[in-house]
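So the structure is just underneath, and the comments pick up after that.
4 protein chains.
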Amino acid sequence: MDAVKENRKNDLVLRRKEQILAAAMPIFAKYGFARTKIDQIANDLNVGKGTIYRYFKDKKSLFIAVFEQGCMEMHQTFAKNVHPITDPPVKVAAAVKTYFQYFDNNRDFIEIMMQVRSEFKEEHRRIFMQSYSDYIVRIQDNLRNGVKSGVFRDMDVEKTADTISATLQGVLQSFYVRKIEDDSDQNEKTESLTDRTDAVTQLLLHGLTK
Amino acid sequence: MDAVKENRKNDLVLRRKEQILAAAMPIFAKYGFARTKIDQIANDLNVGKGTIYRYFKDKKSLFIAVFEQGCMEMHQTFAKNVHPITDPPVKVAAAVKTYFQYFDNNRDFIEIMMQVRSEFKEEHRRIFMQSYSDYIVRIQDNLRNGVKSGVFRDMDVEKTADTISATLQGVLQSFYVRKIEDDSDQNEKTESLTDRTDAVTQLLLHGLTK
Amino acid sequence: MDAVKENRKNDLVLRRKEQILAAAMPIFAKYGFARTKIDQIANDLNVGKGTIYRYFKDKKSLFIAVFEQGCMEMHQTFAKNVHPITDPPVKVAAAVKTYFQYFDNNRDFIEIMMQVRSEFKEEHRRIFMQSYSDYIVRIQDNLRNGVKSGVFRDMDVEKTADTISATLQGVLQSFYVRKIEDDSDQNEKTESLTDRTDAVTQLLLHGLTK
Amino acid sequence: MDAVKENRKNDLVLRRKEQILAAAMPIFAKYGFARTKIDQIANDLNVGKGTIYRYFKDKKSLFIAVFEQGCMEMHQTFAKNVHPITDPPVKVAAAVKTYFQYFDNNRDFIEIMMQVRSEFKEEHRRIFMQSYSDYIVRIQDNLRNGVKSGVFRDMDVEKTADTISATLQGVLQSFYVRKIEDDSDQNEKTESLTDRTDAVTQLLLHGLTK
DNA sequence: AATGAATGAGTGTTCATTCAT
DNA sequence: AATGAATGAACACTCATTCAT
């Protein structure tokens, strides 16, 4: 019985944490870590400031938790949409598509990611790199498979894997920057990130295949 | 005579400004805008805090000036090393090389650039985009020339130009992130950004050429 | 029930504001706006500096609030002690007496009033003039009544009302100045403002009556 | 010869001091002591900040010197226009007229006077009170003469003298305040201080005479 | 568990004053 | 004598964090 109660309690705690994270993410994304006030998050949630401190040790922990959750969700999306695929070029195309789609739907996370990187390098390293390494290894494996099966040209697999990953990241960011500019312009048709998928896939596949 | 004096004074002011910018850039780069204290910059320079305020209206202006100066220098480097080249694939290779070399020598500027982008969107837009647009147009022209002369495959020139620029930016950043990680490790051979030049050039040229 | 809670809270806020105003008035009066430190007010109250900022937006707002409260209290005192009286010469005497008595009991307010006037002309105008005009009109009415009923000599009612009001203000201030000198002397019998009542009343009534 | 040189030098120093005082007075009057910047005075004079410090020890000394000079000028004006007169009522009228005329022509000094009083009580006492006492004694003498010769009613000479002086001061200030309000209004005919002379003289003479 | 009033360390900025030129 | 660049003490104000209720 006690265990049941315990569980119920834990569930509640988790739900509460998630609510807080959900409220915090867009605010952190919009204002950045330093300019985000705990008060604002509390107000948006209609709870007292103290409540947030009951669930998160301090502002930094909350920020890092927002980041961590984002990483986890991203990881799950890739696990579901890309990992099962085995055909090398198809996998490349799927990865590109998933990547852009994910961030298209989670724009705030882009901002969070970049901020964590520049404000909390240590944490970024610890949390992000673990999934990142896994993800780089998967690209390498895919490239190797493609080379072995003759679909891809011969290449320096490690550096190419890095370059591919970097290309995606770069497109993401430059799109995001462009996006901000357009927003302030407010007169240009807003292009979706997904629209870029083709150009990037083309460039990569052309660059990779014989 | 007065004009001579005036000139000498202006020179001194400019020199002083540059000294301050030079001291401020690595500190802003290391700690970020919010966590950088004006006091620290002043101490590093062995001047009083007031001296900084004599040359820059406030902390933000100083930060933006650091950014502006970096942009100008970058622009000059490109103007000198890339703009004169006309052969399309050679130009691509030169651009990639210059880009990486420049940031390899100006790591702090990478950080500054990203911070301006996320803290002061308006200023980033105003200052950075003007050179950025020029630079995108040049890539497009080069691509078109390559396609026309038959060296490059047929392509959507605008999107490809964006992708190329994004690739460079992405490689830059992911290298930079990696670099930070390595620094904290301090046990791995530190790879130079320039080393990536080949992999990226390869990927791009393969991706672009028929 | 919520309304009850709300009320209790508002009461507490008001009480707190009043405590702060009460602590701030003598300090502002003694040191003047510019030389008063928020820290000192906070220390006098045995509260943190932040507490003051919780109740007042900034130093200026606190100062103006001190002034506003003083104006209100003064207004109430007149409303109670002078407005009910109708007989012209009696009303003059009552006004003089109330005026001096009030400021005798609220010496700090004299100082505050003068400072607001010279530091924040706009606010002085807005806050003070509204009660001041009302008060001038009342003097004018009283003079007119006195003239009509034949107790007062014929006169330029508007200018005389101004002069009377100015006389009171002048006596107040010159007494106040004298008072300060005496305080530093500390060897002379300190005369009370109220002591002047008679001389002024005499002068005015002689000046007004036929 | 040396003495001649010495004199010439002293003259220059005095002239310089006067220039500085002349530039400082309106600025102190407009912005108040605390909000006046030494820089602004120096700029208005087209001299370096250091020059001001060569002639005045510090900001406060400069301010006090402005005040002192004003007091001296005022004193001279009275000495010339009022002291020679002997007939009691005529002297009252002349004093009122001179007082208002003087301040009408030296509005900045009103402001300076009030500020010194509230910021530097000690100095105000030392500098102002000496002339003030002299001036009160003269009023008392005049009243006594008037009473003795039967032109004035019997009265408490000391208190009445204070009241008269206070009345003038009060009219001055209330006019000044009113003046400021009108200035911001900018739609009302601006009345001159001298215009009030009559009303005040009437009130006083009526109040004093049998 | 939730609250939000209280706190006070921390920091950007100002400006009187100094002093080398 | 004159300058104005440099200085740094001083202060208003913010906001993460605590804790009594």
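Residue numbers (my numbering), protein chains in the order written: chain A, 1 to 210; chain B, 211 to 420; chain C, 421 to 630; chain D, 631 to 840.
We put the beta carbon where it would ideally sit given N, CA and C, even for glycine.
Quantities reported herein were computed from a predicted structural model and do not represent experimental measurements.
- When you check each C-beta in the stretch 340–372 of chain B against every C-beta of chain A, which residues fall closer than 8 Å? Arg363, Met365, Asp366, Lys369, Thr370 and Asp372
- Using DSSP with H/G/I as helix, E/B as strand and the rest coil, what is Phe120/A? In the first sequence, residue 120/A corresponds to position 120, counting from 1. Phe120/A falls in the coil class under three-state DSSP.
- Task: Count the other C-beta atoms from every protein chain shown that fall within 10 angstroms of the C-beta of Ala232/B, then say buried if there are 16 or more, exposed otherwise.
- Result: Reading the second sequence from its first residue, position 22 is the one you call residue 232/B. Under this definition Ala232/B is an exposed residue.
- Task: Pick out the complete alpha helix (DSSP H) segments inside the stretch 16–103 of chain A, 4 residues or longer, and give them in chain order.
- Result: 38–45, 49–55 and 59–81
- Verify whether the separation of the beta carbon atoms of Leu625/C and Gly800/D is less than 8 Å. On the third sequence, position 205 is the one that residue 625/C refers to. On the fourth sequence, position 170 is the one that residue 800/D refers to. In this structure, Gly800/D does not lie closer than 8 Å to Leu625/C by Cβ.
- Query: Does DSSP put Ser822/D in a helix, a strand or coil?
  - Reply: In the fourth sequence, counting from the first residue as 1, residue 822/D sits at position 192. Ser822/D: coil per DSSP, three-state reduction.
- Task: Using a Cβ cut-off of 8 Å (strictly closer), state whether Ala796/D contacts chain C.
- Result: Translated into the one-based positions of the fourth sequence, residue 796/D becomes position 166. Closer than 8 Å: yes.
- Message: Assuming the contact rule is C-beta atoms closer than 8 Å, Val512/C and Ala444/C should be a hit. Round their C-beta distance to whole Å, please.
- Response: For the purposes of this step, residue 512/C is taken as the residue at position 92 of the third sequence. For the purposes of this step, residue 444/C is taken as the residue at position 24 of the third sequence. Contact flag wrong, Cβ pair sits at about 35 Å.
- Where Glu591/C meets chain D, residues with beta-carbon distance less than 8 Å: Within the third sequence, residue 591/C is the residue found at index 171, counting from 1. Before going further, note that residue 591/C is Val rather than Glu in the sequence given. Result: Asp792, Thr793, Ala796, Thr797 and Gly800.
- Spell out whether any CB of chain D is found under 8 Å from the CB atom of Met534/C. Taking the third sequence and counting its residues from 1, one reaches residue 534/C at position 114. Closer than 8 Å: yes.
- With 8 Å as the threshold, decide whether the Cβ of Ser481/C is near any Cβ in chain D. Translated into positions along the third sequence, residue 481/C becomes position 61. Output row for Ser481/C: interface = no.
- Message: According to DSSP, simplified to helix, strand and coil, what is Asn355/B?
- Response: If you number the second sequence from 1, residue 355/B lands on position 145. Residue state, collapsed to three classes: helix.
- Message: Give me the residue from Gly780/D, Ser779/D, Arg774/D and Leu802/D with the minimum Cα distance to Lys789/D.
- Response: Translated into the one-based positions of the fourth sequence, residue 789/D becomes position 159. The shortest Cα separation from Lys789/D among Gly780/D, Ser779/D, Arg774/D and Leu802/D belongs to Arg774/D.
- Consider the Cβ of Leu613/C: report whether some Cβ of chain D lies at a distance smaller than 8 Å. Taking the third sequence and counting its residues from 1, the one referred to as residue 613/C is at position 193. No - not a single Cβ of chain D is within 8 Å of the one on Leu613/C.
- Neighbourhood of Ala94/A by C-beta, 7 Å cutoff - its chain only, sequence neighbours within 5 removed: Sequence index remark: in the first sequence, residue 94/A carries index 94 (1-based). Closer than 7 Å at the Cβ level, and outside the excluded window around Ala94/A, lie Asn81, Val82 and Ile85.
- What residues in its chain sit with their C-beta under 6 Å from that of Lys97/A, if we drop five residues either side in the sequence? On the first sequence, position 97 is the one that residue 97/A refers to. If we look at Lys97/A and ignore the five residues flanking it on each side, its Cβ neighbours are Thr197.
- Flag Val830/D as yes if its beta-carbon sits less than 8 Å from any beta-carbon of chain C, otherwise no. The residue labelled residue 830/D in the question sits at position 200 within the fourth sequence. So yes, Val830/D belongs to the interface.
- Message: Between the alpha carbons of Leu482/C and Arg665/D, how many angstroms are there, rounded?
- Response: In the third sequence, residue 482/C corresponds to position 62, counting from 1. In the fourth sequence, residue 665/D corresponds to position 35, counting from 1. Each residue's alpha carbon lies about 19 Å from the other.
- Find out if the Cβ-Cβ distance for the pair Thr373/B, Leu203/A is shorter than 8 Å. By one-based count along the second sequence, residue 373/B stands at place 163. By one-based count along the first sequence, residue 203/A stands at place 203. Their beta carbons are under 8 Å apart, which means Thr373/B touches Leu203/A by this criterion.
- Task: Establish whether the CB of Gly32/A and some CB of chain B are separated by less than 8 Å.
- Result: Locating residue 32/A in the first sequence gives position 32, counting from the first residue. It does; some Cβ of chain B falls within 8 Å.
- Gly662/D CB to nearest heavy atom of the ligand MN below 7 Å: With respect to the ligand MN, the structure shown offers nothing to examine, as it has no ligands at all.
- Query: Looking only at its own chain, which residues have a Cβ that is under 8 Å from the Cβ of Asp431/C, when we skip the five neighbours before and after it?
  - Reply: Here residue 431/C refers to the residue found at position 11 when the third sequence is read from its first residue. Hits under 8 Å: none found.
- Query: Which whole-angstrom value is the C-beta distance of Ser594/C and Ser795/D, which I expect to be below 8 Å?
  - Reply: Position 174 of the third sequence, counted from the start, is the residue given in the question as residue 594/C. Position 165 of the fourth sequence, counted from the start, is the residue given in the question as residue 795/D. Confirmed, Cβ separation roughly 6 Å.
- Find the residues of chain C that neighbour Glu741/D, judging by a C-beta separation of less than 8 Å, and give them in chain order. Numbered from its first residue, the fourth sequence carries residue 741/D at position 111. The contacting residues are Ser538.
- Message: Is there a C-beta anywhere in chain D that falls below 8 Å from the one on Arg546/C?
- Response: Here residue 546/C is taken as the residue at index 126 of the third sequence, counted from 1. No, Arg546/C does not count as interfacial toward chain D.
- Message: Contact criterion: CB-CB distance below 8 Å. Does Leu231/B meet it with respect to chain A?
- Response: Your numbering for residue 231/B matches position 21 in the second sequence. So no, Leu231/B is outside the interface.
- Message: I'd like the list of long-range same chain contacts for Met551/C, defined as Cβ closer than 8 Å, with 5 residues on each side in sequence excluded.
- Response: On the third sequence, position 131 is the one that residue 551/C refers to. The sequence shown places Ser at residue 551/C, rather than the Met named in the question. Contacts found: Cys491, Met494 and His495.
- Query: DSSP on Asn526/C, reduced to helix/strand/coil?
  - Reply: Position 106 of the third sequence holds residue 526/C. In the structure shown, Asn526/C sits in coil (DSSP, three-state: anything other than H, G, I, E or B).
- Query: Can you name the residues of chain C whose CB is closer than 8 Å to the CB of Arg826/D?
  - Reply: Numbered from 1 along the fourth sequence, position 196 holds the residue referred to as residue 826/D. Those within 8 Å of Arg826/D in chain C are Lys579, Asp582 and Thr583.
- Message: If I measure Cβ to Cβ from Ala672/D and keep anything under 8 Å in the same chain, skipping five residues before and after, which residues do I get?
- Response: Reading the fourth sequence from its first residue, position 42 is the one you call residue 672/D. Around Ala672/D: Gly678, Lys679, Thr681 and Ile682.
- Thr614/C versus Ser538/C, Gln489/C and Asn525/C, residue with shortest Cα-Cα distance: Counting from one through the third sequence, the residue named residue 614/C turns up at place 194. Checked all of Ser538/C, Gln489/C and Asn525/C; the closest Cα to Thr614/C is Asn525/C.
- Assign Gly360/B to one of two classes, buried (16 or more other C-beta atoms within 10 Å of its C-beta) or exposed (fewer than that). Taking the first residue of the second sequence as 1, we reach residue 360/B at position 150. Under this definition Gly360/B is an exposed residue.
- Query: chain C beta carbons: is any one of them nearer than 8 Å to that of Leu675/D?
  - Reply: The residue given as residue 675/D occupies position 45 in the fourth sequence. Chain C, which has no Cβ nearer than 8 Å to the Cβ of Leu675/D, makes this no.
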